[in-house]
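Colleague: The structure's right below; bear with me while I get my questions together.
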Amino acid sequence: MSQISPRPGRGRPRLLPGKIAANPRDQILAAAAELFVGRGYAGTTTREIAEGAGLRQASIYYHFGSKEEILAVLLERSVQDRVQQAGKIEAGMEAVPPDVGLYALAVSDMSALVAMPYNIGMLYRLPDVIASPVYDRYSHLRGDLVAGYGRAGLRAAGHRIASSASEPGLGDLLVQMAESVVSLRREDRIGSSTVSTIASACLRLCGVAEESIDGARESALEALSRR
0 MSQISPRPGR GRPRLLPGKI AANPRDQILA AAAELFVGRG YAGTTTREIA EGAGLRQASI
60 YYHFGSKEEI LAVLLERSVQ DRVQQAGKIE AGMEAVPPDV GLYALAVSDM SALVAMPYNI
120 GMLYRLPDVI ASPVYDRYSH LRGDLVAGYG RAGLRAAGHR IASSASEPGL GDLLVQMAES
180 VVSLRREDRI GSSTVSTIAS ACLRLCGVAE ESIDGARESA LEALSRR
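Residue numbers for the sequence shown follow numbering that gives the first Met the number 0, beginning at 0 and rising by one.
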């Protein structure tokens with residue numbers, strides 16, 4: 000799974016899979032991510048971003064037109080990799096039972112959120128970010144993620160739930176459950192079983208029988224280990 004992963008050695012974590020954040024543009028994004036999550040978007044200035052990146056303020060505007068543009072890039076990066084991975088997992092769902100597919104989707108997605116530097120998955124939960132005009136440039140990507148969860152959820156759902164739930168509604172509930180890890184991470188409440196517990200809860204929400212959940216977990220984790 001391609002994730003936003005920490006940069007080895009000293010320096011800021013990288014914000015692009017497979018690329019070291021050594022160029023000024025990525026240094027700006029890394030500094031902005033840390034400040035936006037820590038202080039809030041509205042409470043952060045471009046001067047503070049420049050200082051955090053070790054650059055002059057004028058350098059910000061050479062690479063980005065505004066603070067809003069920086070936010071837009073971070074919002075896109077915070078979910079784009081999740082959408083791509085969800086698509087890959089969904090493409091392989093026909094080869095596994097529906098409950099296994101949903102469990103694998105939830106675990107993979109939450110693992111990506113937990114691995115993101117500075118907990119940038121938190122950005123789209125911040126009120127000042129949601130109120131920003133650039134939020135709409137990102138929201139369609141989250142919509143794709145919701146749709147993927149909705150399809151996976153309906154496949155796994157029992158007849159009673161599948162007949163009464165809509166794909167967008169179920170998908171949004173499942174995404175919110177998965178994204179709860181960013182709030183838990185902010186409160187330093189991520190434990191060794193957190194991801195597994197939430198993924199199991201996703202299956203329960205869809206009406207998967209309790210006695211089937213352990214088997215779905217084992218099969219999903221085995222399938223993910225082979226990716």
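Note that the Cβ used here is the ideal one computed from N, Cα and C, for glycine as well.
Keep in mind it's a predicted model, so treat the numbers as computed, not measured.
1) Between the C-alpha atoms of A20 and R159, what's the straight-line distance to the nearest angstrom?
2) Looking only at its own chain, which residues have a Cβ that is under 8 Å from the Cβ of A71, when we skip the five neighbours before and after it?
3) Check for me: the alpha helix (DSSP H) holding E50 runs from which residue to which?
4) Could you tell me which of Y102, T43 and Q84 sits nearest to E221, measuring between CA atoms?
5) Please name the residue in R76, A156, L112 and A146 whose C-alpha comes closest to that of P97.
6) Alpha carbons only, please: which of M92, G149 and E178 is nearest the one belonging to G168?
7) Are C201 and M176 close, meaning C-beta to C-beta below 8 Å?
8) Assign N22 to buried or exposed, taking buried as 16 or more other Cβ atoms, counted over all protein chains shown, within 10 Å of its Cβ.
9) Drop a sphere of 10 angstroms on the beta-carbon of Y61, count the other beta-carbons inside from all chains shown, and report buried for 16 or more, exposed for fewer.
10) So what does DSSP say about E60, is it helix, strand or coil?
11) Can you tell me whether N118 is helix, strand or coil according to DSSP?
12) Since Y137 is in the alpha helix (DSSP H), which residue starts that stretch and which ends it?
13) Please state whether DSSP places G214 in a helix, a strand or coil.
14) Are there 16 or more other CB atoms within 10 angstroms of the CB of E210, so buried, or fewer, so exposed?
15) Taking the alpha helix (DSSP H) that D187 falls in, what are its first and last residues?
16) How big is the Cα-Cα spacing for D143 and G64?
17) Which of the three DSSP states, helix, strand or coil, is assigned to Y123?
18) Hey, how far is the Cα of I119 from the Cα of A32?
19) Quick check: A164 and E89, are their CB atoms within less than 8 Å of each other?
20) State the Cα-Cα distance for the pair V113 and R55, rounded to the nearest angstrom.
21) Compare the Cα-Cα distances from D25 to each of G37, I69 and F35 and report the closest residue.
22) Indicate whether L223 and V145 have their beta-carbon atoms separated by less than 8 Å.
23) Beta-carbon separation of Y123 and R141 under 8 Å?
24) State the Cα-Cα distance for the pair E93 and Q83, rounded to the nearest angstrom.
Modeller: Looking at the atomic coordinates:
1) In the sequence shown, counting from the first residue as 1, residue 20 sits at position 21. In the sequence shown, counting from the first residue as 1, residue 159 sits at position 160. Only weak support exists for where A20 lies, its pLDDT of 49 falling under 50; the value from the coordinates is given anyway. Distance between the alpha carbons of A20 and R159: 49 Å.
2) Residue 71 sits at position 72 when you count from the first residue of the sequence shown. Contacts found: V133, R136 and Y137.
3) By 1-based counting over the sequence shown, the position of residue 50 is 51. Its alpha helix (DSSP H) spans residues T45 to A52.
4) Looking up residue 221 in the sequence shown gives position 222. For the set Y102, T43 and Q84, the Cα lying nearest the Cα of E221 is the one of Y102.
5) What you label residue 97 is simply residue 98 of the sequence shown in a count that begins at 1. P97 has its Cα closest to that of A156, out of R76, A156, L112 and A146.
6) Working through the sequence shown from its first residue, we reach residue 168 at position 169. Nearest option by C-alpha distance: G149.
7) Taking the first residue of the sequence shown as 1, we reach residue 201 at position 202. Taking the first residue of the sequence shown as 1, we reach residue 176 at position 177. Going by C-beta atoms, C201 is nearer than 8 Å to M176.
8) Counting from 1 along the sequence shown, the entry for residue 22 is found at position 23. N22 comes out exposed.
9) Along the sequence shown, one-based indexing puts residue 61 at 62. That one is exposed.
10) By 1-based counting over the sequence shown, the position of residue 60 is 61. Correcting the residue type first, residue 60 is Tyr in the shown sequence and not Glu. Y60: helix per DSSP, three-state reduction.
11) Translated into positions along the sequence shown, residue 118 becomes position 119. DSSP places N118 in helix when its eight states are reduced to three.
12) Within the sequence shown, numbered from 1, the residue matching residue 137 stands at position 138. Per DSSP, Y137 belongs to the alpha helix (DSSP H) from D135 to A155.
13) Working through the sequence shown from its first residue, we reach residue 214 at position 215. The answer is helix: DSSP assigns G214 an H, G or I state.
14) As a position in the sequence shown, residue 210 is number 211, starting the count at 1. Looking at its Cβ environment, which holds fewer than 16 other Cβ atoms inside 10 Å, E210 is exposed.
15) The sequence position of residue 187 within the sequence shown is 188, counting from 1. Where D187 is concerned, there is no enclosing alpha helix (DSSP H), given that its DSSP letter is neither H nor E.
16) To locate residue 143, count along the sequence shown from 1; it is residue 144. To locate residue 64, count along the sequence shown from 1; it is residue 65. Each residue's alpha carbon lies about 27 Å from the other.
17) Here residue 123 corresponds to residue number 124 of the sequence shown, with the count starting at 1. In this structure, Y123 counts as helix in the three-state DSSP scheme.
18) Taking the first residue of the sequence shown as 1, we reach residue 119 at position 120. Taking the first residue of the sequence shown as 1, we reach residue 32 at position 33. The alpha-carbon atoms of I119 and A32 are separated by roughly 6 Å.
19) Position 165 of the sequence shown holds residue 164. Position 90 of the sequence shown holds residue 89. Not in contact: A164 and E89 (Cβ atoms no closer than 8 Å).
20) Taking the first residue of the sequence shown as position 1, residue 113 is located at position 114. Taking the first residue of the sequence shown as position 1, residue 55 is located at position 56. V113 and R55: Cα-Cα distance of roughly 32 Å.
21) In the sequence shown, counting from the first residue as 1, residue 25 sits at position 26. Cα-wise, what sits closest to D25 is I69.
22) In the sequence shown, residue 223 corresponds to position 224, counting from 1. In the sequence shown, residue 145 corresponds to position 146, counting from 1. Not closer than 8 Å, so no.
23) Translated into the one-based positions of the sequence shown, residue 123 becomes position 124. Translated into the one-based positions of the sequence shown, residue 141 becomes position 142. Their beta carbons are under 8 Å apart, which means Y123 touches R141 by this criterion.
24) Here residue 93 corresponds to residue number 94 of the sequence shown, with the count starting at 1. Here residue 83 corresponds to residue number 84 of the sequence shown, with the count starting at 1. When the Cα atoms are used, E93 and Q83 turn out to be separated by approximately 18 Å.
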